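So the sequence shown is residues 4 to 405, counted in the working numbering.
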Amino acid sequence: MPETVFSRRYAADEVIFRTGDRGRNAYIIEAGRVEVSIERKGENVVIAELGVGEIFGEMSMIDDAPRSASVTALEDTEVVVIQRWRLMQPLESADPMMNLLLRVVLARFRDAQRQLSGIKNGISSGDPSLEEIRRLAFKRINTERDMRQALENGEFEMHYQPIVSLDGGHVAGFEALMRWQKADGTFVSPGEFIPLAEQTGMIVELGRFALEVGLRDQQLLAAAFASAFPDLAAPFMSVNVSGLQLSELSEIDHIARIIDESGAEPADVKLEITETLMVENPDHAADALHKLKALGVSIAIDDFGTGYSSLSYLHQFPLDTLKIDRAFVINMDKAENSRRIVQSIASLALALEMNIVAEGIEEAVQMADLKELGCQYGQGFHMSKPLPVEKALELAASGTTW
Ligand code: C2E
Ligand code: CA
Ligand code: CA
Numbered sequence: 004m005p006e007t008v009f010s011r012r013y014a015a016d017e018v019i020f021r022t023g024d025r026g027r028n029a030y031i032i033e034a035g036r037v038e039v040s041i042e043r044k045g046e047n048v049v050i051a052e053l054g055v056g057e058i059f060g061e062m063s064m065i066d067d068a069p070r071s072a073s074v075t076a077l078e079d080t081e082v083v084v085i086q087r088w089r090l091m092q093p094l095e096s097a098d099p100m101m102n103l104l105l106r107v108v109l110a111r112f113r114d115a116q117r118q119l120s121g122i123k124n125g126i127s128s129g130d131p132s133l134e135e136i137r138r139l140a141f142k143r144i145n146t147e148r149d150m151r152q153a154l155e156n157g158e159f160e161m162h163y164q165p166i167v168s169l170d171g172g173h174v175a176g177f178e179a180l181m182r183w184q185k186a187d188g189t190f191v192s193p194g195e196f197i198p199l200a201e202q203t204g205m206i207v208e209l210g211r212f213a214l215e216v217g218l219r220d221q222q223l224l225a226a227a228f229a230s231a232f233p234d235l236a237a238p239f240m241s242v243n244v245s246g247l248q249l250s251e252l253s254e255i256d257h258i259a260r261i262i263d264e265s266g267a268e269p270a271d272v273k274l275e276i277t278e279t280l281m282v283e284n285p286d287h288a289a290d291a292l293h294k295l296k297a298l299g300v301s302i303a304i305d306d307f308g309t310g311y312s313s314l315s316y317l318h319q320f321p322l323d324t325l326k327i328d329r330a331f332v333i334n335m336d337k338a339e340n341s342r343r344i345v346q347s348i349a350s351l352a353l354a355l356e357m358n359i360v361a362e363g364i365e366e367a368v369q370m371a372d373l374k375e376l377g378c379q380y381g382q383g384f385h386m387s388k389p390l391p392v393e394k395a396l397e398l399a400a401s402g403t404t405w
């Protein structure tokens, strides 16, 4: 079986996914039974029980809509997890095993559809016809082709946003953020193209690009920074890495090679990952992160507080930095709640010996507040927007502090 198709066990009563989750995977039940339920007027109504050989989660693979149902294991259950982006790869480039699996899933999908069609408001959000499914699949393939073309044409570039030491007020590092400017001059926002790249699998190539360019520019930025602050540590470079890039072991090796060949000091490299990876396949995630850590780089957990965030699993992973999502920072001075959340995240990080970057600082007062709460680093429009490399170099050399 390909590495990206893996199986997972759930104990009785464990939730496999819940209402409101974004769909990423399909599941085939290998052993055990699950219960499908939906929320109706605030109550949980069981609409189906599924057993060995049946599949669920499939609708979300197509439309990325939040799931309208919850699925819970009724007994010890083992499922094969099929990641959506794999199914959306162009068929001819997918491996033969995947091709076969795709056929099996589609055949089973039709059966499951028939079976569930009697259930109103069930697991499916509408019942797209096979025609519709094909249309969407082709759309994905076209998008992938456009992005690959754009990458070859040099339409992607990296911008850099300073990450500032709240203590000294100087630049401590930069986050590399990708920009796509089309040939006609228009910008496509990362909020739009990154999810598409994840759906098509193109994020793997874009991710390599971000790392290569980011680590090359880190060395230029470090040299510029040293001219202003010869006694301070070189600014690190924080690069976003999608969970999909880490789902295959061969790609982790590729990432390791890029870091190795970049000439950057591994200690100056930070990889930002999100929680999804750790929640969906914790064992694999732990392996992957340990492999990366062994290179000497540090690992940050991004957008902390927005996802499934169970604080309890954090210690299982080799994480160095926690990035508090901007949603908490924005509301800090307006809602006592948000302030308390920031405060408890800060003390949690302290206990786990992690450092904190607060994202989305737009006002001076937030900067002072976050410092008082024990955050070491901050990032946001108050200090600087993400800058093209020439501007970032000017900033690094200027000796600016905030
Ligand atoms: P992110 O990793 O959470 O990046 C921070 C985003 O917040 C950036 O948006 C940045 O421009 C924005 N931001 C920073 N300070 C402020 C502020 O004070 N106020 C507000 N309102 N926004 C602020 P951007 O560049 O549009 O990127 C959006 C997302 O796209 C990123 O969120 C990240 O998830 C993804 N992304 C961008 N570049 C890459 C990449 O190279 N690889 C991957 N995998 N994802 C990327
Ligand atoms: Ca980030
Ligand atoms: Ca973030």
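All C-beta atoms in this analysis are idealised placements derived from N, C-alpha and C, irrespective of residue type, glycine included. Quick caveat, the model's predicted, so the values are computed rather than measured.
key: Residues near Asn-284 by beta carbon distance below 8 Å, same chain, minus five either side   = Phe-9, Arg-11, Val-84, Ser-250
task = Compute the distance between the beta-carbons of Ala-227 and Tyr-380, then report whether it is under 8 Å.
result = no
query = Ordered along the chain, which non-local residues of its own chain (more than five positions away) have a Cβ less than 8 Å from that of Val-39?
reply = Val-49, Ile-50, Ala-51, Glu-52, Leu-53, Phe-59, Ala-72, Ser-73, Val-74, Gly-125, Ile-126
ask   = If you compare alpha carbons, which of Asp-372, Gln-319, Val-300 is closest to Met-335?
value = Asp-372
query = Under 7 Å from any heavy atom of ligand 2, does the C-beta of Asn-243 make it?
reply = yes
key: Burial state of Thr-203, where buried means 16 or more other Cβ atoms lie within 10 Å   = buried
query = Would Ile-327 pass as a contact of Gly-308 if the rule is Cβ separation under 8 Å?
reply = yes
key: Cys-378 to Ile-344 span [Cα, whole Å]   = 13 Å
task = Please go through the region 266-296 and give each complete beta strand (DSSP E) segment of 3 or more residues, from N-terminal end onward.
result = 272-276
request  = Run the CB neighbour count on Gly-129, radius 10 Å, all protein chains shown included, and call it buried at 16 or more, exposed below.
outcome  = Confidence at Gly-129 is low in this model, with a pLDDT of 46, below 50, so its placement is unreliable and the value that follows should be read with caution. Result: exposed.
ask   = Considering Pro-233, what are the terminal residues of the alpha helix (DSSP H) in which it resides?
value = First-last for Pro-233: undefined, no H or E at that position.
inquiry  = Using a 10 Å radius around the Cβ and a threshold of 16 neighbouring Cβ atoms, would you call Gln-319 buried or exposed?
reply    = exposed
ask   = Between Glu-278 and ligand 1, is the CB less than 7 Å from at least one heavy atom?
value = no
ask   = For Gln-152, does the count of other Cβ atoms within 10 angstroms reach 16, so buried, or fall short, so exposed?
value = exposed
query = So is the beta-carbon of Asp-328 under 7 Å away from any non-hydrogen atom of ligand 3?
reply = yes
ask   = Candidates Leu-169, Pro-69, Val-18, Thr-22: which alpha carbon is nearest Ala-76's?
value = Val-18
query = Got a sec? Which residues, its chain only, sit under 7 Å from Glu-78 by beta carbon, not counting five neighbours each side?
reply = Ala-15, Gly-35, Arg-36
task = Run the proximity test for Asp-306: is its beta-carbon closer than 7 Å to any non-hydrogen atom belonging to ligand 3?
result = yes
ask   = Does the Cβ of Glu-201 lie closer than 7 Å to at least one heavy atom of ligand 2?
value = no
ask   = Is Ser-168 helix, strand or coil when you go by DSSP?
value = strand
ask   = Cα-Cα, which of Pro-165, Thr-279, Gly-172, Val-191 is closest to Phe-159?
value = Val-191
Cβ-based neighbour list, Thr-404, same chain, cut-off 6 Å, excluding 5 preceding and 5 following = Gly-172, His-173
ask   = Using a Cβ-Cβ cut-off of 6 Å (strictly less than) and excluding sequence neighbours within five positions of Phe-196, which residues of its own chain qualify?
value = Trp-183
query = What are the residues that DSSP puts in a beta bridge with Phe-20?
reply = Val-74
query = Assuming Gly-402 and Gly-383 make a contact with CB atoms under 8 Å, what is their CB distance in whole Å?
reply = Contact doesn't hold; Cβ gap of about 20 Å is too wide.
request  = Tell me whether Glu-254 counts as near ligand 2, meaning its Cβ is closer than 7 Å to at least one heavy atom of that ligand.
outcome  = no
Ser-10 - DSSP class collapsed to helix/strand/coil = strand
query = At a cut-off of 7 Å, is Glu-178 close to ligand 2 when judged by its beta-carbon and the heavy atoms of the ligand?
reply = yes
inquiry  = Can you tell me which residues form a DSSP beta bridge with Met-370?
reply    = Met-370 is not bridged to any residue.
task = Return yes when the C-beta of Ser-250 is under 7 Å from any heavy atom of ligand 1, and no when it is not.
result = no
inquiry  = I'd like to know whether the C-beta atoms of Val-272 and Phe-239 end up nearer to each other than 8 Å.
reply    = yes
key: Residues near Leu-209 by beta carbon distance below 6 Å, same chain, minus five either side   = Ala-200
key: Spatial neighbours of Glu-6 in its chain, beta-carbon cut-off 7 Å, leaving aside the 5 residues before and after   = Reliability of the predicted coordinates at Glu-6 is poor, the pLDDT of 45 falling under 50, and the value obtained from them is presented with this limitation in mind. For Glu-6, where only same-chain residues beyond five positions count, the Cβ hits under 7 Å are Glu-251, Leu-252.
ask   = Applying the criterion that 16 or more other CB atoms from any shown protein chain within 10 Å of the CB defines a buried residue, is Pro-99 buried or exposed?
value = Low confidence applies here, because Pro-99 scores a pLDDT of 48, under 50, leaving its location unreliable and the question unanswered by this model.
query = Would you say Glu-275 touches ligand 2, meaning its beta carbon is less than 7 Å from a heavy atom?
reply = yes
query = Asn-47 to Ser-341, Cα distance in whole Å?
reply = 30 Å
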